Amino acid sequence: MTALNRRALLGGAAAMAGALSLGGMPARAGAPFRNSLPPAWHRFRLGEYEATIVSDGRLPLGQPEPAFPASPPAELRSLLEAAFLPPDAATLEQNALILNTGRQLILFDTGMGESMGADSKMFGPTTGQLLNNMRAAGIEPEQIDLVVLTHAHNDHCWGLTDAKGQRVFPNAQVAVSEADLKYWTDDNNKRGPDFMKVFVEGAKKNLSAYRDRLVMVRNEQEVAPGVVALATPGHTVGHHCYAITSGNQVMVNTGDLAHHHILLLRKPMWEFAYDTDPKLSAQSRSRMLDRLATDRLPLLSYHFPWPGLGHVARAGDGYDWVPAPMNLSSLG
Ligand SMILES: [Zn+2]
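Read in order, the letters of the sequence shown are residues -29 to -1, 1 to 303 in mature numbering (1 follows the signal peptide of the UniProt record, and there is no 0).
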């Protein structure tokens, strides 16, 4: 717009405002800000199945350098800036999948919940929204038949129970890998970084409430019809992705294969602070990203920008995140 045009437009608006006031309209205060967010859920068809993604809310990591300890700080900042992201604060989302197979209602990961009280808010007050968003999507926790865990970290399994340790999903079985079950309920693993103590305490509290209804996840085997576990160890010893097939459609729920859609896709060998075995995690990430890109498979990533649906495409030594278009009539 030229300066002349802009002046003409602004002049026109001023004249219009003058005309309105001349008409005797009373001056009004502006509408109040609502300061609230819409419920965060997204629904689409996957073959014969119906998929709903619900958010547990944002998970801010704060300064990115400590979260990605093996990365050169200057390179890390320039990658964030090139993606128009703040270089001094990394933020993750939490995208949980609910799959209705027609026979079973399956929730993949539970968010942070409230079971560990103040520790549940260790990443800030924005987490713990899963139940609200699930209900807004028309799904009650009593309806969940099976909870499938990608791994037993706080932001994935602490929503299994409430603050009193009661089951939030009273009719659900819980599928978890034997490796993660053993590791995260073993008091010997409270050593090491500060967070290990509360991570182990939280996993014990949440998983023990379902001790009589646990299902062991095994690599390359189904946990439900069309849902195949794919071992991707390193972030935790028993981390699994899940390939979901229905009709002629496939989607891979990648859990915490990669936490950041820029940093760990452009640089798959960079490490993440909460990895149990960072080197193995990087190997699993590289191997699975190669397969996802080669086979052009759609995926859901737990921590990528809401709602976490898209593809990975090769770009140099790494990958680009290509988000799926949000289609308001995607049930068609
Ligand atoms: Zn996570």
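We put the CB at the ideal spot given by N, CA and C, even for glycine. Given the structure is predicted, the values throughout are model-derived calculations rather than measurements.
Item: Checking the sheet assignment: what are the DSSP bridge partners for Arg138?; Value: Thr132
Item: Return the Cβ separation of Val147 and Leu178 in integer angstroms, given the expectation that the two are a contact with Cβ distance under 8 Å.; Value: 7 Å
Item: Is it right to say residue 308 is buried, meaning 16 or more other beta carbons lie within 10 angstroms of its own, or is it exposed?; Value: It is not possible to answer for residue 308, since the shown part of the chain is limited to -29 through 303.
Item: In the DSSP assignment, what are the bridge partners of Arg224?; Value: Note that residue 224 is Asn in the sequence shown here, rather than Arg. DSSP lists Tyr213, Leu271 as partners of Asn224.
Item: Leaving out five residues on either side along the sequence, give the residues of the same chain with a beta carbon under 8 Å from the beta carbon of Trp12.; Value: Thr23, Ile24, Val25, Ser26, Asn104, Met105, Ala107, Ala108
Item: Taking the Cβ atom as the reference point for each residue, do Gly287 and Leu270 lie within a distance shorter than 8 Å?; Value: no
Item: Is Tyr273 close to ligand 1? I mean its beta-carbon at under 7 Å from any heavy atom of the ligand.; Value: yes
Item: Which first and last residues belong to the beta strand (DSSP E) in which Glu193 is found?; Value: 193 to 195
Item: Mark Thr72 as exposed unless 16 or more other C-beta atoms lie within 10 angstroms of its C-beta, in which case mark it buried.; Value: buried
Item: Could you compute how far the alpha carbon of Asn298 sits from the alpha carbon of Gly226?; Value: 23 Å
Item: According to the Cβ coordinates, are Gln220 and Leu17 closer than 8 Å?; Value: yes
Item: What's the C-alpha gap between Gly95 and Arg29?; Value: 9 Å
Item: Looking at Asp126 and ligand 1, is the gap between the Cβ and the nearest heavy atom below 7 Å?; Value: yes
Item: Return the first residue and the last residue of the beta strand (DSSP E) that Asn177 is part of.; Value: Premise fails: Asn177 lies in the alpha helix (DSSP H), 166 to 179, not in any beta strand (DSSP E).
Item: Would you mind reading off the limits of the alpha helix (DSSP H) that contains residue 304?; Value: Outside the modelled stretch of the chain, which goes from -29 to 303, sits residue 304, for which no answer is possible.
Item: Based on the DSSP secondary-structure assignment, which residues constitute the bridge partners of Ile115?; Value: None, per the DSSP bridge assignment.
Item: Here's the rule I'm using: 16 or more other beta-carbon atoms within 10 Å means buried, otherwise exposed. How should Arg237 be labelled?; Value: buried
Item: Quick check: the Cα distance between Ser(-9) and Pro3, rounded to an integer number of angstroms?; Value: Legend: pLDDT at Ser(-9) = 49, less than 50; position of this residue unreliable, no value from coordinates given.
Item: What whole-angstrom Cβ distance do Ala67 and Ala123 have, given they're in contact under 8 Å?; Value: With a Cβ gap of about 15 Å, Ala67 and Ala123 do not count as contacting.
Item: What is the DSSP secondary structure of Ser(-9), reduced to helix, strand or coil?; Value: Caution applies to Ser(-9), whose pLDDT of 49 falls short of 50 and renders its modelled position unreliable; the value that the coordinates give is listed next. DSSP places Ser(-9) in helix when its eight states are reduced to three.
Item: In three-state DSSP terms, what is Glu46?; Value: helix
Item: Taking the alpha-carbon of Glu193 as reference, which of Ala214, Leu152, Asp90, Leu78 has the nearest alpha-carbon?; Value: Ala214
Item: Based on the DSSP output, what are the partners of Ser292 in its beta bridges?; Value: As written in the sequence, residue 292 is Trp, which differs from the Ser given in the question. Answer by DSSP bridge pairing, in chain order: Val283.
Item: Within 10 angstroms of the Cβ of Val293, are there 16 or more other Cβ atoms? Answer buried if so, exposed if not.; Value: exposed
Item: Which class does Tyr245 belong to by DSSP, given the choice of helix, strand or coil?; Value: coil
Item: Any idea if Pro31 is buried or exposed, counting beta-carbon neighbours within 10 angstroms, 16 or more meaning buried?; Value: exposed
Item: Are the CB atoms of Ile115 and Ala150 nearer to each other than 8 Å?; Value: no
Item: Could you tell me the distance, in whole angstroms, from the CA atom of Ile77 to the CA atom of Ser257?; Value: 28 Å
Item: Considering just the uninterrupted stretch of the alpha helix (DSSP H) at Ala107, what are its terminal residues?; Value: 101 to 107
Item: Can you look up Met297 in the DSSP assignment and give me helix, strand or coil?; Value: coil
Item: Between Tyr290 and His232, what straight-line distance do the alpha-carbon atoms span, to the nearest angstrom?; Value: 9 Å
Item: Smallest Cα separation from Ala199: which of Thr98, Glu85, Thr121, Met83?; Value: Note that residue 199 is Val in the sequence shown here, rather than Ala. Val199 has its Cα closest to that of Thr121, out of Thr98, Glu85, Thr121, Met83.
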